[in-house]
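Trainee: Mind having a look at this structure? Questions to follow.
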């Protein structure tokens, strides 16, 4: 009888994309081998194809009506729940961030920053209208009110630096105002992004509202940028000028919006820039309604 | 049992006596140079601006080339650094208030000039364009020293030099929408007027002289597309603001891709005006008229698609036909004129081609029997019934006095059909029920929704589109944002 090994082999996780509320392999069957990504990935990452991106957009579009019409209170609760789920996975995230080269202190700092930013956006859900909208005193017998509505489907290209912070900010800024969308994580941020997808999956977020892809920016920026059913793009300042320029050019085909987010040199400044509510407001549209007020 | 709607016979027993506004008040020069750094510069290729109602040349202007744009941008940069951005905000406010007052003092002259150069009825330039332009300056003057209150906690800063390109449909008003918030926020400006309507901008430049505005703070150039492109491309322009067609807006967005320039676009539209069966009918008829025939339909937010609830279609169309028959087309300077001249021959031809496409595609055309003046560019008020959503007249922006009528049965269907366009600038909803109005307002994809009204504008009320109608807002606190750095 064979003797049992004293340390059983670990059960490794197959990393999968998060599309439409489900964990799926890339339809292309391609992976980025851990050995080749030069990042912290301990496992092979799915390499999303343009078809995966299109699927993600389709799901995000389908989820938009439900999510944008959910009460801001509910959206706030769900975003806060994400923070709760994130907290529960602290050890895993610290391991992943350290695998990416961060010191123990730096990993911990980024993790806390991600929590802060996510919670901050959870609180914004039911405050955008109060702070950035309002009634307008027109010189006519009308009740004139400006409110903020989601732009629609948003695609975010994550930076390689502070991937967890970037992802938490993107998640908060996009979802808090009622947008849906997809995020494309570069290989070095891939494993943390897919771990974050498990946070999303356990936070009562409707499937499809937020989709997580891992892949190559070089490969995905053209098909994603040229997708006419995406209403806005987010790219991080200076980290990826090629992606930024490409998205801005392709976005013109459908007058899609392109937001460039700051990524300062220090974590503290980055947090301040990314938790600024203008990141969320940039992805909202002001709608102004004139309601007659002259009758009796 | 269906009854045939009654047709009102207005007959032609009485005609209106002419009530022309005098042109004597105009103080026009034979030619206008670009206003750069506080001087009028007569350089560049000469072209003319003519009166679309008479086809007579009014004045000569010049097309600015790249070198002139460079001079204008340099002047604006100098004025930004040395004067305007370092001036106490309360002093900027004083200049803007002064400009507002001077616009009011010159109101009558400016109204006549707008009508002569652009063809719009004097009652509109007198009662809408000019008063609103003055009101915009007055409104934004008040913001100049209150920017930190507009965006609390954000320490708003001006951007620098703004390059602004305006269209020909509301020359002075679009100028005010562009210049007033830019200056209030502390920026300086290079503005290009539209090719066919350059004159009120130069008259405005003379008003700036009268106001004593420091040289270089506002620079105004004339020209066509190439001049606009030179502004957009200039490396020292920090912000581009454009109002015009969606095609040109997209080209600008592409052009500045990869640069640090900020951009706002106010582009085309195909506004839905939705009338429910409980709407106040007489008001709705007037609103539909105002929505599409205001300014000859040269309005980006025009209510060019009329959606009628099926049960009222026949009656509403009959009433609309009667009302349209009373519209007076002709001399823009006549105070009784409802529909003036089409802005240019080119635009008239575009409108005619789209009207012909409506006929060819099988929609039913209605035009009242009206006599158009023998000279000038005029088009009868027109509407089509039996329009299918796939028709070009239901899809494309016509930018003329042409209405396409479609139907719907339920509010949900109205929302779905109204939203089925790449545009998203404006919409109107006519109903007696407040809850339905708000239901519709929440679901229509448009930057502005008018309840029991249409084509209303106010400096305090943000205006601008979603989807391919552009981004950014003009008017209100939100209208400052395109000219400020906030985070």
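Chains as they are written, first to last, in my numbering: chain A, 1 to 296; chain B, 1001 to 1487. By construction, the Cβ of each residue, glycine as well, lies at the ideal position given by its N, Cα and C atoms. Predicted model, so just to flag it, every value in this text is computed and none were measured.
#1: Taking all protein chains shown into account, decide if residue 73(A) is buried (16 or more other Cβ within 10 angstroms of its Cβ) or exposed.
#2: Within the 8 Å Cβ cut-off, does residue 1254(B) reach chain A?
#3: For a cutoff of 8 Å on Cβ pairs, would you count residue 217(A) as touching chain B?
#4: Please work out which residues of its chain come closer than 7 Å, Cβ to Cβ, to residue 1454(B), disregarding the five sequence neighbours upstream and downstream, and give them in chain order.
#5: Determine, for residue 195(A), whether the minimum Cβ-Cβ distance to residues of chain B falls below 8 Å.
#6: Roughly how many whole angstroms lie between the Cα atoms of residue 1204(B) and residue 48(A)?
#7: Which same chain residues, not among the five before or five after residue 1327(B), have their C-beta less than 8 Å away from its C-beta?
#8: Where do the ends of the beta strand (DSSP E) carrying residue 243(A) lie?
#9: For the alpha helix (DSSP H) that residue 62(A) lies in, which residues bound it at each end?
#10: Listed in chain order, which residues of the stretch 157-189 of chain A have Cβ atoms closer than 8 Å to some Cβ of chain B?
#11: Excluding the 5 residues flanking residue 1099(B) on each side, which residues of the same chain have their C-beta closer than 6 Å to its C-beta?
#12: Along chain B, in chain order, which residues have C-beta atoms closer than 8 Å to that of residue 278(A)?
#13: Per the DSSP calculation, residue 1406(B) is bridged to which residue(s)?
#14: State the Cα-Cα distance for the pair residue 1123(B) and residue 1335(B), rounded to the nearest angstrom.
#15: Decide if residue 1477(B) is buried, meaning its Cβ has at least 16 other Cβ atoms within 10 Å, or exposed.
#16: So, does the CB of residue 127(A) fall closer than 8 Å to a CB anywhere in chain B?
#17: Taking Cβ positions only, does residue 206(A) come closer than 8 Å to chain B?
#18: Can you give me the start and stop residues for the alpha helix (DSSP H) that residue 1483(B) sits inside?
#19: Contact check, residue 1405(B) vs residue 1384(B) under 8 Å by CB: the rounded distance?
#20: Taking 8 Å as the threshold (beta carbon to beta carbon), is residue 1246(B) in contact with chain A?
#21: Starting from residue 1426(B), trace the beta strand (DSSP E) both ways and give me its first and last residue.
#22: Mind pulling the beta strand (DSSP E) runs of 3 or more residues that sit fully within the stretch 162-196 of chain A?
#23: If we define contact as Cβ-Cβ less than 8 Å, is residue 52(A) a contact residue for chain B?
#24: Could you work out which residue in 1207(B), 1065(B), 1116(B), 1182(B) is closest to residue 1022(B) when comparing CA atoms only?
#25: Give me the residue from 1173(B), 1321(B), 1090(B) with the minimum Cα distance to residue 1132(B).
#26: Helix or strand or just coil, what does DSSP make of residue 1334(B)?
#27: Buried or exposed, going by whether 16 or more other CB atoms sit within 10 Å of the CB of residue 1091(B)?
#28: Within the 8 Å Cβ cut-off, does residue 1466(B) reach chain A?
#29: Please classify residue 1001(B): is it buried, with 16 or more other beta-carbons within 10 angstroms of its beta-carbon, or exposed?
#30: Okay, do the stretch 106-117 of chain A and the stretch 151-161 of chain A touch, 3+ Cβ pairs below 8 Å being the bar?
#31: Would you mind reading off the limits of the alpha helix (DSSP H) that contains residue 124(A)?
#32: Against chain A, does residue 1278(B) count as a neighbour if the rule is that its beta carbon must be under 8 Å from one of theirs?
#33: If I follow the unbroken beta strand (DSSP E) through residue 1218(B), where does it start and stop?
#34: Mind checking if residue 1148(B) is an interface residue toward chain A, Cβ cutoff 8 Å exclusive?
Mentor: By the coordinates alone:
#1: exposed
#2: yes
#3: no
#4: 1273, 1287, 1290, 1291, 1303, 1428
#5: no
#6: 56 Å
#7: 1289, 1293, 1338, 1339, 1368, 1370, 1381
#8: Looking at the DSSP string, residue 243(A) is not in any beta strand (DSSP E); the run it does join, the alpha helix (DSSP H), is 241-251.
#9: 50-69
#10: none
#11: 1137, 1211
#12: 1154, 1486, 1487
#13: 1307(B)
#14: 6 Å
#15: buried
#16: no
#17: no
#18: Element bounds for residue 1483(B): n/a, residue is neither H nor E.
#19: 6 Å
#20: yes
#21: 1426-1430
#22: 180-185
#23: no
#24: 1116(B)
#25: 1173(B)
#26: strand
#27: exposed
#28: yes
#29: In this prediction, residue 1001(B) scores a pLDDT of 47, lower than 50, which makes its location untrustworthy; no coordinate-derived value is stated.
#30: no
#31: 104-124
#32: no
#33: 1218-1221
#34: no
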